[in-house]
Amino acid sequence: MTLAFQAGKALHKGNPAGVMAIEHAELLERIYMLTDRLEIHELELQNIRSTLEAAFGPAPPYSDDVKIIFDIGDRSVDDQVAEEHVTAAHHGNVVHWYAFEGFSRGRDQAFQFREVLVHLTRAREVGHERVTAVELTTAAAPRALITFTPPHERVLWEVRYRCPGYWDKLRQAGGQRFEWVPPPVGPGETKGRRSVVRAVTFVFRVPATLGTLEAFDLPRGASFRRAATDAHGSTYRIDIRDISALLGPPATAIDPIRWYLELKSADAP
Amino acid sequence: MSGRAGPAHHLLDILAAVAPLRTWGSAAVIAILSSAIAYNAGAGWASSALIFALLLLAIPLLLRRGGRDAPVDRDPAWARHRRAVSPVMPADLSPVDRAAADRAAHDEEFDEDLELTVWVGENAAGDRVEETRLTRPHHAINGRALTLVSPYVEPDARPAPVVPELSFDTEAVRAHWQHTTVPGRGVVLFDAPVSARPLRWIVSYGVPGGLWNPLRCIGLDVFRYDVRQFQIGNFAVRFIVHGSAHKVFIQERNGRGRVTGYDRDPDGSTVVTWTSDYPAAAVLYEWDLRVVWRD
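As you go down the protein sequences, you meet chains A and B in turn. Counted the way this note's numbering counts, the first sequence spans residues 2 to 270. Counted the way this note's numbering counts, the second sequence spans residues 4 to 298.
Structural data, given as structure tokens:
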């Protein structure tokens, strides 16, 4: 900068306006160059994400048992989800990765994974076990490619993220339809399992200030029960043992598993 | 993030509305340097200050009008967070529009058939979307909240605003597009409530910066469309891929619907039609797209 200025000053002695013009042209040029470079990087990133998604998304070679814990907040911003996964190799010997999709009600509630991620851990076996997340899309639901280094035939891992606004309808209207789409298997897998998830447990933690929770229209084979109550609130559990059986025969679409949740206010009669 | 509010942040809000905060920062740096240079070179205090002020204002405005399709823009995290948790309706609507938009957003008193036509161009300029909707109001509706198809850009980049063209099957209906603070989202506000009969209308728009860049570069892409927000009857998507495609493969990831047509248009483009089961499930649809391009 100083050198350029000195050179410009030498060239245009006694003409500061000329020097300034040169300086500005150079700076603007540089800004445009940097903007172009950023755009190129952005396109490259788009391509990388798209490759990862298209390559890994549709053909998961693992199976998964999962416990999903919803912390229903007093306020919108307190809604949180914790998922405890036991992921095992289904095709092949070890699990390297997991195609993760966070809960989201869709367009009204779009956020990015790295913004809401609170915690991602893996159970230690030998030490130095790593688990990392690469965000894949900024589409409605946060998606990420979770990787396990080193891979193992069975990996225990946990993810906790904020999910602001997920239970807004429950808080505001007193009722909300809960919906979950079991992650499908690849199109090449024509018989046997329908989803990579074998068994799932949903846990709903409701603060005492909101009241008590009731569930309606549960899917076949699912049970709803109150697991615990203390001064802070109550915990409810829904267990589904066999997702594939619930989804029916292959070659049919995977319909969301859904039911209706209602809050009974504590002070209501 | 709490505690980050105050007059300074209102000013930041205003600045951010004109240009990304980063641009303002760069402009300030350039303005300071330039006025220092000018002062050093013998210009007076007053003219240096004038140079500073002019540059500070001119650079963000020039960059904004610089004709770049997608200026890279970093939304501060707190603004994004607020956007994420705020309810459907935006803050930048007039009270009348907001009331109508609010009704539109919470009104599920219609059902709709939807046919999406998606053009995969030879380049970004050829990417287009046309949404043909047949809306059957159950009672008078004032508006229809829509989310336009937009690319999955880098999280920090804000897509350029799109104003779709609206056309209706009858001259009696007129409407205007009111965009919201969330990019790609808006409300079609009808000038008069629509109720009498099914309304057939078309929303069409190009996508600045392109929708299918990964597909053109690497031949792989995922297309998602969310129909959880309204009651849908028939649902079909037509992918029109430019003639430079040799083969096109399309599949819905969760096994919904099926490909019902695979044709070549006279102009060489490949037309793949996907049709959902009836009635269409109210879910998020995901299509995996693979294209083999000619050299």
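Cβ coordinates follow ideal geometry from the N, Cα and C atoms, glycine included. Since this is a predicted model, take the numbers as computed values, not measurements.
For residue i, the three-state DSSP class (helix, strand or coil)
| i | result |
| --- | --- |
| Lys68(A) | strand |
| Gln177(A) | strand |
| Thr122(A) | strand |
| Tyr208(B) | strand |
| Lys250(B) | strand |
| Pro184(A) | coil |
| Asn48(A) | helix |
| Asp37(A) | helix |
| Ala22(A) | helix |
| Phe203(A) | strand |
| Val274(B) | strand |
| Glu30(A) | helix |
| Val286(B) | coil |
| Phe104(A) | coil |
| Glu255(B) | strand |
| Arg131(A) | strand |
| Ser77(A) | helix |
Cross-strand partners of residue i (DSSP beta bridge)
| i | result |
| --- | --- |
| Asp280(B) | Answer is none; Asp280(B) lacks a bridge partner. |
| Tyr261(A) | Arg178(A), Phe217(A) |
| Ser50(B) | Partner(s): none; Ser50(B) has no beta bridge. |
| His153(A) | Val96(A) |
| Arg227(A) | Tyr237(A) |
| Glu136(A) | Ala145(A) |
| Asp224(B) | Leu292(B) |
| His86(A) | Val67(A), Trp158(A) |
| Leu202(B) | Thr138(B) |
Environment of residue i [buried if 16+ CB atoms lie within 10 Å]
| i | result |
| --- | --- |
| Val75(B) | A caution first: Val75(B) carries a pLDDT of 33, below 50, which makes its placement in the model unreliable, though a value can still be read off. Per the 10 Å Cβ criterion, buried. |
| Ile258(A) | buried |
| Ala100(A) | buried |
| His182(B) | buried |
| Ala41(B) | buried |
| His86(A) | buried |
| Leu53(A) | buried |
| Phe242(B) | buried |
| Ala33(B) | Rather than Ala, the amino acid found at residue 33(B) in this sequence is Ile. Buried is the call here. |
| Asn126(B) | exposed |
| Asp95(B) | The pLDDT assigned to Asp95(B) is 43, lower than 50, so where the model puts this residue is not dependable; a value taken from the coordinates is nonetheless given after this. Counting Cβ neighbours within 10 Å, Asp95(B) comes out exposed, since fewer than 16 surround it. |
| Gly189(B) | buried |
| His92(A) | exposed |
| Met21(A) | buried |
| Arg31(A) | exposed |
| Tyr33(A) | exposed |
| Met92(B) | Residue placement at Met92(B) cannot be trusted, given a pLDDT of 41 that sits under 50; the coordinates are not used to answer. |
Bounding residues of the beta strand (DSSP E) (the contiguous stretch that carries residue i)
| i | result |
| --- | --- |
| Thr3(B) | Look at the range of chain B in this structure, 4 to 298, and you will see that residue 3(B) is not part of it. |
| Gly189(B) | 188-197 |
| Ser235(A) | 234-241 |
| Trp27(B) | Premise fails: Trp27(B) lies in the alpha helix (DSSP H), 24-43, not in any beta strand (DSSP E). |
| Asn237(B) | 234-244 |
| Glu134(B) | 131-140 |
| Thr210(A) | Note, Thr210(A): premise wrong, no beta strand (DSSP E); not H, not E. |
| His182(B) | 178-182 |
| Ala123(B) | What sits at residue 123(B) in the sequence shown is Val, not Ala. Start and end: 113-123. |
| Arg147(B) | 144-150 |
Residue range of the alpha helix (DSSP H) that includes residue i
| i | result |
| --- | --- |
| Asn216(B) | 216-221 |
| Phe171(B) | No alpha helix (DSSP H) holds Phe171(B); the beta strand (DSSP E) holding it covers 168-171. |
| Arg115(A) | 114-117 |
| Asp245(A) | First, the amino acid is wrong: residue 245(A) is Ser here, not Asp. Note, Ser245(A): alpha helix (DSSP H), 244-248. |
Point to revise | Touch test, the stretch 205-212 of chain B against the stretch 162-174 of chain B, Cβ-Cβ under 8 Å, three pairs minimum | key: yes
**Study point:** Three or more C-beta pairs below 8 Å linking the stretch 61-70 of chain A and the stretch 198-206 of chain A
**Key:** Touching, yes, given that three or more Cβ pairs across the two stretches are closer than 8 Å.
Check your understanding: When the Cβ atoms of the stretch 195-206 of chain B are set against those of the stretch 130-149 of chain B, are three or more pairs found closer than 8 Å?
Key -> yes
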